[in-house]
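Protein sequence lines, in the order shown, are assigned to chains Z and B. Sequential numbering from 1 applies to the first sequence in our numbering. Sequential numbering from 1001 applies to the second sequence in our numbering. By construction, the Cβ of each residue, glycine as well, lies at the ideal position given by its N, Cα and C atoms. Notes for the one structure printed next.
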Amino acid sequence: MSQSTGHYGFYPGCSMGATARSYLQSTEAICKALGLTLKEVDDWNCCGASEYISMNSVAAYSLIARNLSLAAQEGHTDLVAPCNMCFLNLHKVDGYMEKYPKINQQVGRALAAGGLSYKAGSVHVRHLLDIVVEDVGIDAVTAKITRPLKGLRVAPYYGCLLTRPDSRYSPEYPTHLDDLLEALGATVVEFPLKTQCCGGHMTQIKEATAYDMIRRILQNAAEDQADAIVTICPMCQLNLDAFQPQVNGMFKTKFHLPVLYFTQMMGVAFGLSNKELGIGSEITSSKTAFRKIGQEEPEEQKSLKRDKNALPMPRL
Amino acid sequence: MSEARIGVYVCHCGSNIAGTVDVAAVAKWAEDLPNVVVSRDYKFMCSSPGQEMIETDIKELGLTRVVVASCSPHLHEPTFRGACSRAGLNPYLFEMANIREQDSWVTTDQVEATKKAMSLVAAAVSRVAYQQPLESLFVPIDPNVLVVGGGVAGIQATLEIADSGRHVYLVEREPSIGGHMAQLDKTFPTLDCSACILTPKMTNAANHQNVTLFTWSEVEKVEGYVGNFTVTIRKRARYIDEPLCTGCGVCQEKCPKKVIDDVFEAGIGYRKAVYIPFPQAVPNTPVIDRDNCIFFEKGTCKACEKFCPTGAIKFDQEDEIITLKVGNIILATGYDLFDARRIPQYGYGRLENVFSSLEFERLTNAAGPTLGRVVLRDGVTVPKSVGIIHCVGSRDKNYNNYCSSICCMQSLKFAHMVKERTGAEVYEFYIDIRTPAKAYDEFYQKVLGEGTHFIRGRVAEVTDAARQPGEEGKLIIQAEDTLIGKQRRIPVDMVILSSGLEARADAKEVAIKFGISCSADEWFIEKHPKLDPVATMTDGVFVAGACQGPKDIPASVAQGSAAAARVMSLIGQGEVEIEAATAIVNEETCVGCQECIPSCPYGSIEFLEDKKKAHIIEALCKGCGTCVGTCLSKSITLRHFTDEQLVNEMIGAMQSMKLFEAQDLVIVE
């Protein structure tokens, strides 16, 4: 059982070595702190992202299943994907093979041609956030905190892929990242667009559409006076972070919202150094935001006092 | 049993059976079965000529056993038992073979269906020879009645029975009777004032000489059986001396502790820690809410006691346990509103100006927290545009599959009220509009004529995240308009969620307490959905109103009256026949281990201390047979289901298979 030993198979995906190097660094750093061992699956291949499945589904499923097969071969029962797209694709193909005999057969034949096989359901595909919240647990995370993120207002951004149906968390309004960030000491802002799409690869297809999608999310976080957006996906991070100047140019806005990985936030709270966590590599600088840690929140932000005429709110 | 003379009757049930089963062949084939004297088929055995055929044969051919192959015993066993009885044959010498529900209705294969009918008949013929005459037990019916739940259905049932001269104990969990109807402002489709039509009934119930009212009380335990129930009621301490209290309300006025009222005000208004839930409450006696009272919390305060002019405050009052004897019980426990917080994308509890349907009812109610002003959560601003979302938690596989039946009309009523009170633009988001009852569709037409916008599509989300100009500071309702095939975003000031109805959170526990069952959605199950809608499978326990399924006021009232009529019919009969197929203990072999006692779901087994033997109280036994299986020394027999009878039933079925082989049976389709 991976859960008890803390050993997991690891499928880093293409971004972790490139645009999301800071995600990989911070993941390694917090895993070390929490006693988790992630063993990279040998010779893994691309998950196909969102495009390939629509081109040729059998080929796409087979390529994805190859990773599952390799993970199973290495004896992993739990395979961790830190990227939402990788997580969804691996999880989806595993589920499809279990549910649809035809896909199972086609993919099985393709794998067999390469001398591989995979029994659907034998590898449990999981997102890194799920490992932290479920297996490690909020209490164990809290125990490692040396520098609570007090005073920092964060918008928890899940993206649109993590909570597609079959997720164990609410598909419409998940709160497990909220819970984690709150445990780290941050103030979690109300963030209705937490599961809206960041635009994905739309930036490469139609810029104006993509920038508007990014703007919505930035604006929503800014409206609630967030100091930073916390993400769990390399694509989301890239879009929200790297395209802020373009969005500001197009919409005449002045957004300056650092977009950080949840692993980086954990690392900061654990007292790890910026260097270990890859902080500083983001395009929209997080310096101002992190300076808020430890500062008292301005009064008017703390609570908007309810008027004496106001009717009571239903309690959540 | 060579002396048995058996008559076999195979029913066509029109084409229900004869369409699949070769009934003539079955009747012909049965002639050769052991002890069969006569075997016939007939179009409708349950008709008068059909029954007379059996009666005549019993008399003229001297039949001593009868088998009818037709439908489920659930439907017509009493019919044919009656026919046997009239011809002088003990009804327990009759056996039924179900060749409809268990045969013709479940296959289209005529050959297999006919063979199965033959097997079932052979089994019944073999069994019936071993059946014994049994005598039914008659028990008198206590004319007192218990009604549980003081909403409109329970009040209606109470008044009907009390007016007929019988005594009713009405038990209500809340401090006042009235139920959900008391919270409403207007009732559809007539828009008459809910309180105005309900409160006279509430007062009548409380003042009626034949009604004893227990509010702030709950039923703890139910024992006994139809005609003879013993009910234990916990009357929770009000901390008010009821006879002394005049209902002046000074205590409520002076109480320093303000609490959000989650029950009557649906969470949108306040009450005190000592409170009368609403001005027309019945009884007009306050209750001290122990959990919120400063005195109970800190040991000081007693403001209410200081100011009470009659000295009615009694902090040392304790719960009272009351035991009652009743003959019949009506459950009218109502519904819970679906909790819209379970659909986070609609923002209830998160976004200020999203309201539940009951919140809105209180908002429009002249006695509500805003005195009937329709305003936003700030208590001041009048909305200029309002969105009403239908089917919240209903017709949704993620929550409840069923239609809650009241919400369409309720939403239309809301649209009318909003227009009338504020002149705001109203948008209704619906899946289908369902207005099937009398004068309901006319109301829909009226609301259409008032200029309400109807958008057909399930709402995806309600958000305050503006995307385009004009949306800032508004709640945006995003939905696919399925009539034009486009996504629409409608910015509004206020959203009302027309939440569905759900079974009470504790419906299952209540069902177990009263020995009845719940559907998968936890509504109480009636005996027959069409022909016996207010009775349950437990004799003497009836259901009325929304506890049986979503219902509006007219339907709930009708059921209250119906349940009352059923109860009065039983009381009028004076005594009730108890099923004779009960279990019996063989005292010679019983070792007194008492294993059977906890196994009985009806509590019908007692232990005879003097003899050290188990004993079954026949009137309580339902003949389920659980104790028979539990008994370690095989000392319990279930009459009418003896080992001998069941084994011979199986032998009959198995021998039919052999006969098929020997006869090389050919059935022409």
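Counting only C-beta atoms, is residue i closer than 8 angstroms to chain Z at any point?
i, result
"Gly-1267 (chain B)", "yes"
"Ala-1281 (chain B)", "no"
"Pro-1344 (chain B)", "yes"
"Asp-1378 (chain B)", "yes"
"Arg-1350 (chain B)", "yes"
"Ile-1260 (chain B)", "yes"
"Arg-1467 (chain B)", "yes"
"Thr-1107 (chain B)", "no"
"Pro-1286 (chain B)", "no"
"Arg-1421 (chain B)", "no"
"Arg-1458 (chain B)", "no"
Given the structure, does residue i come close to the ligand ADP, in the sense that its CB is under 7 angstroms from one of the ligand's heavy atoms?
i, result
"Gly-35 (chain Z)", "With respect to the ligand ADP, the structure shown offers nothing to examine, as it has no ligands at all."
Compute the Euclidean distance between the alpha carbons of residue i and residue j, then round it to the nearest angstrom.
i, j, result
"Ser-1517 (chain B)", "Ile-1477 (chain B)", "40 angstroms"
"Val-1128 (chain B)", "Thr-1108 (chain B)", "29 angstroms"
"Lys-971 (chain B)", "Gly-1592 (chain B)", "The structure shown has nothing for residue 971 (chain B), since chain B only spans 1001 to 1669."
"Met-313 (chain Z)", "Tyr-157 (chain Z)", "25 angstroms"
"Leu-24 (chain Z)", "Ala-120 (chain Z)", "28 angstroms"
"Leu-277 (chain Z)", "Thr-19 (chain Z)", "14 angstroms"
"Ser-1498 (chain B)", "Tyr-1427 (chain B)", "13 angstroms"
"His-1074 (chain B)", "Ala-1113 (chain B)", "21 angstroms"
"Ala-1083 (chain B)", "Arg-1458 (chain B)", "56 angstroms"
"Ile-205 (chain Z)", "Lys-1419 (chain B)", "46 angstroms"
"His-1180 (chain B)", "Gly-1151 (chain B)", "7 angstroms"
"Asp-1192 (chain B)", "Leu-1198 (chain B)", "11 angstroms"
"Phe-243 (chain Z)", "Thr-288 (chain Z)", "19 angstroms"
Need the endpoints of the beta strand (DSSP E) that residue i sits in, please.
i, result
"Leu-38 (chain Z)", "37-40"
"Phe-1443 (chain B)", "Segment 1440-1449 is the alpha helix (DSSP H) holding Phe-1443 (chain B); no beta strand (DSSP E) there."
"Gly-1269 (chain B)", "1269-1272"
"Lys-1325 (chain B)", "1320-1326"
"Cys-1518 (chain B)", "Neither: Cys-1518 (chain B) is in no beta strand (DSSP E) and is coded neither H nor E."
"Met-1096 (chain B)", "1094-1098"
"Ser-1356 (chain B)", "1354-1356"
"Ile-229 (chain Z)", "228-231"
"Phe-1138 (chain B)", "1137-1140"
"Ala-1583 (chain B)", "1583-1585"
"Glu-1223 (chain B)", "1217-1225"
Based on DSSP bridge pairs, tell me the residues matched to residue i.
i, result
"Met-1494 (chain B)", "B:Val-1386"
"Tyr-1169 (chain B)", "B:Leu-1146, B:Thr-1212"
"Ser-1569 (chain B)", "For Ser-1569 (chain B), which the question treats as bridged, DSSP gives no partner whatsoever."
"Gly-1007 (chain B)", "B:Val-1038, B:Val-1066"
"Arg-1489 (chain B)", "B:Gln-1478"
"Lys-1613 (chain B)", "B:Leu-1608"
"Lys-1186 (chain B)", "B:Cys-1193"
"Arg-1456 (chain B)", "B:Tyr-1430"
Using a Cβ cut-off of 8 angstroms (strictly closer), state whether residue i contacts chain B.
i, result
"Ala-310 (chain Z)", "yes"
"Met-202 (chain Z)", "no"
"Pro-314 (chain Z)", "yes"
"Glu-172 (chain Z)", "yes"
"Asp-307 (chain Z)", "yes"
"Leu-193 (chain Z)", "yes"
"Glu-190 (chain Z)", "yes"
Which residues mark the beginning and the end of the alpha helix (DSSP H) in which residue i is found?
i, result
"Met-250 (chain Z)", "244-251"
"Gln-73 (chain Z)", "57-73"
"Ser-1039 (chain B)", "Looking at the DSSP string, Ser-1039 (chain B) is not in any alpha helix (DSSP H); the run it does join, the beta strand (DSSP E), is 1036-1042."
"Gln-1345 (chain B)", "It is not in any alpha helix (DSSP H) - Gln-1345 (chain B) carries neither H nor E in the DSSP assignment."
Does the stretch 1557-1569 of chain B come close enough to the stretch 1156-1167 of chain B to have 3 or more Cβ pairs within less than 8 angstroms? The answer is yes - the stretch 1156-1167 of chain B touches the stretch 1557-1569 of chain B, with three or more Cβ pairs under 8 angstroms.
Would the stretch 115-131 of chain Z count as touching the stretch 77-88 of chain Z if we require 3 or more Cβ pairs under 8 angstroms? Because the criterion of three Cβ pairs below 8 angstroms is met, the stretch 115-131 of chain Z and the stretch 77-88 of chain Z touch.
Should the stretch 247-255 of chain Z be regarded as contacting the stretch 168-185 of chain Z, the criterion being three or more beta carbon pairs within less than 8 angstroms? no
Check whether the stretch 1585-1601 of chain B and the stretch 1370-1381 of chain B are in contact - that is, three or more C-beta pairs closer than 8 angstroms. no
Hey, is the stretch 85-101 of chain Z in contact with the stretch 148-163 of chain Z, meaning 3+ C-beta pairs nearer than 8 angstroms? yes
Does the stretch 1125-1145 of chain B come close enough to the stretch 1222-1240 of chain B to have 3 or more Cβ pairs within less than 8 angstroms? yes
Segment contact flag, the stretch 108-115 of chain Z with the stretch 25-42 of chain Z, C-beta cutoff 8 angstroms, min 3 pairs: no
With a cut-off of 8 angstroms, do at least 3 Cβ pairs link the stretch 274-292 of chain Z to the stretch 1333-1353 of chain B? These segments do not touch.
Chain-ordered residues of the stretch 1461-1490 of chain B with a beta carbon less than 7 angstroms from chain D: Included in the structure are the protein chains Z and B, with no chain D among them.
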